[in-house]
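Presented below is the structure to which this report refers.
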Amino acid sequence: TPAELYAGTAVRVDITVRNTGEVDLLTQGPPPGFTYDENQSFESAGYSKIEGRFRVGVDFEGNTGIPNPFRWGLPDRLPPGQETTVTGFIRLRSIRHWRFSASLVQEFVRYQQQGVFPQDVVTLPAPTSPVPASSNPNMVYFPETQHNVPRIFYDYWQANGGLERFGYPLTEPFPEVSLTDGNTYLTQYFERARFEHHPEFAGTQFEVLLGLLGSERTAGRRQEPPFQPVPPPSDPDVDYFPETGHTLRGLFRQYWWQNGGLPIFGYPISEEFEEQSKTDGQVYVVQYFERNRFEWHPEFAGTRYEVLLGHLAREMLIDRGWL
5 TPAELYAGTA VRVDITVRNT GEVDLLTQGP PPGFTYDENQ SFESAGYSKI
55 EGRFRVGVDF EGNTGIPNPF RWGLPDRLPP GQETTVTGFI RLRSIRHWRF
105 SASLVQEFVR YQQQGVFPQD VVTLPAPTSP VPASSNPNMV YFPETQHNVP
155 RIFYDYWQAN GGLERFGYPL TEPFPEVSLT DGNTYLTQYF ERARFEHHPE
205 FAGTQFEVLL GLLGSERTAG RRQEPPFQPV PPPSDPDVDY FPETGHTLRG
255 LFRQYWWQNG GLPIFGYPIS EEFEEQSKTD GQVYVVQYFE RNRFEWHPEF
305 AGTRYEVLLG HLAREMLIDR GWL
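When we follow our numbering, the leftmost residue of the sequence shown carries the number 5, and every step to the right adds one.
What follows is the structure, encoded as structure tokens:
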């Protein structure tokens, strides 16, 4: 039976390699964990072949371009008799039936294995399409966006800020592979957050967790000045978080402490800086946290809307082509 997932989500690939030879296997990038888009190849991603280096590759039936376009390096050189598992991701956007196969490539030399372990995947239309109210009594329906919310998510939504903090649901609940730990969780996207059900924490306050949207949205920006760690400040009115090397001050500090703190927003992962909003095109002073982005809206000065949470979940769904 083919695995099913929604178009725009990432399929996880796990390939185990064992060195049965007598010399170390040398490797090259991209590193394990790298995410390809379906229309990318290792060359377009900037990882051209290096002679003699080993990589795992994935091809698909009907491919008319570069063979095994999705390639990942090993975690490190692999000594004789040792094995390692390479994990990578491919974001599939087309709605179709895919048949994938795996290979082990020694670049510019030969395929050690080619076209093995065929796997079928079917990509389905995105879960953002409006649906009628469910007859399931454990679902709560939002007519504003025409989506159903499981009771476990709805209770968390109500108890932790509701509409103002999280916004309306933008999808139905669906299983999704987490880019944080590679596991699959029941997931639902709201305008400002992604809810994840963690049954391993059933009965505790951690059964529903918020996805690390801020970290995921800024994963490629760590070298930009606002995301660089700063030294501890001497000002007693500025909080410092050694976990990430960032500060919290002023209105953002007040909002963080008064509206849920670490469990809701996570640690700060940037300093304050100006950024153009992808939602309305305006420029705001912002600060990124592991789970969200704070925005200062001076047009609402003196009101509870002076600090607003960015629509990170909506932005992610737009990037996937779901909205």
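The beta-carbon is built from N, C-alpha and C at its ideal position, and this holds for glycine as well.
Could you tell me how far apart the beta carbons of residue i and residue j are, in whole angstroms, since I believe they sit closer than 8 Å?
| i | j | result |
| --- | --- | --- |
| residue 291 | residue 272 | 6 Å |
| residue 10 | residue 127 | 7 Å |
| residue 317 | residue 195 | 6 Å |
Hey, would you say residue i sits closer than 9 Å to residue j, going by beta carbons?
| i | j | result |
| --- | --- | --- |
| residue 61 | residue 108 | yes |
| residue 132 | residue 321 | yes |
| residue 4 | residue 75 | Because the chain is modelled from 5 through 327, residue 4 falls outside the range shown and cannot be assessed. |
| residue 105 | residue 42 | no |
| residue 325 | residue 56 | no |
| residue 192 | residue 157 | yes |
| residue 47 | residue 19 | no |
| residue 201 | residue 246 | no |
| residue 79 | residue 34 | no |
Should residue i be labelled buried (16 or more other beta-carbon atoms within 10 Å of its own) or exposed?
| i | result |
| --- | --- |
| residue 72 | buried |
| residue 261 | exposed |
| residue 303 | exposed |
| residue 137 | exposed |
| residue 205 | exposed |
| residue 187 | exposed |
| residue 197 | buried |
| residue 175 | buried |
| residue 297 | buried |
| residue 92 | buried |
| residue 32 | buried |
| residue 151 | buried |
Just the Cα atoms here: how many angstroms apart are residue i and residue j?
| i | j | result |
| --- | --- | --- |
| residue 63 | residue 25 | 25 Å |
| residue 178 | residue 15 | 14 Å |
| residue 294 | residue 309 | 21 Å |
| residue 289 | residue 7 | 43 Å |
| residue 146 | residue 199 | 16 Å |
| residue 166 | residue 233 | 32 Å |
| residue 184 | residue 220 | 8 Å |
| residue 299 | residue 311 | 6 Å |
| residue 252 | residue 114 | 54 Å |
| residue 159 | residue 268 | 15 Å |
| residue 182 | residue 213 | 12 Å |
| residue 229 | residue 82 | 36 Å |
| residue 237 | residue 231 | 16 Å |
| residue 124 | residue 95 | 15 Å |
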